[in-house]
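In my numbering, the protein residues as written are 386 to 446.
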């Protein structure tokens, strides 16, 4: 379970850095139709959602 949480945390950090760089340098505006440019944003929100749910379940127990 710790490996799962640590891997989610690593994904959150890496995709968060990507989102900051995308905001600063405008990658998504340069390639608006590319799925690979938009995928990390979706992955960021999904991994944060999963991390929060798993953390709240373990905290209540």
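We put the CB at the ideal spot given by N, CA and C, even for glycine.
These figures come from a predicted structure and were not determined experimentally.
With 16 or more other CB atoms across the displayed protein chains lying within 10 angstroms of its CB, residue 429 is buried.
Looking at the backbone, the Cα of residue 431 and that of residue 416 are separated by about 22 angstroms. Per DSSP, reduced to three states, the secondary structure at residue 415 is helical.
A check of alpha carbon separations from residue 400 across 389, 413, 425, 409 identifies 425 as the nearest. About 5 angstroms separates the beta carbons of residue 436 and residue 393, which is inside the 8 angstroms limit, making them a contact pair. Here residue 405 is not near residue 413, since their CB atoms are 8 angstroms or more apart.
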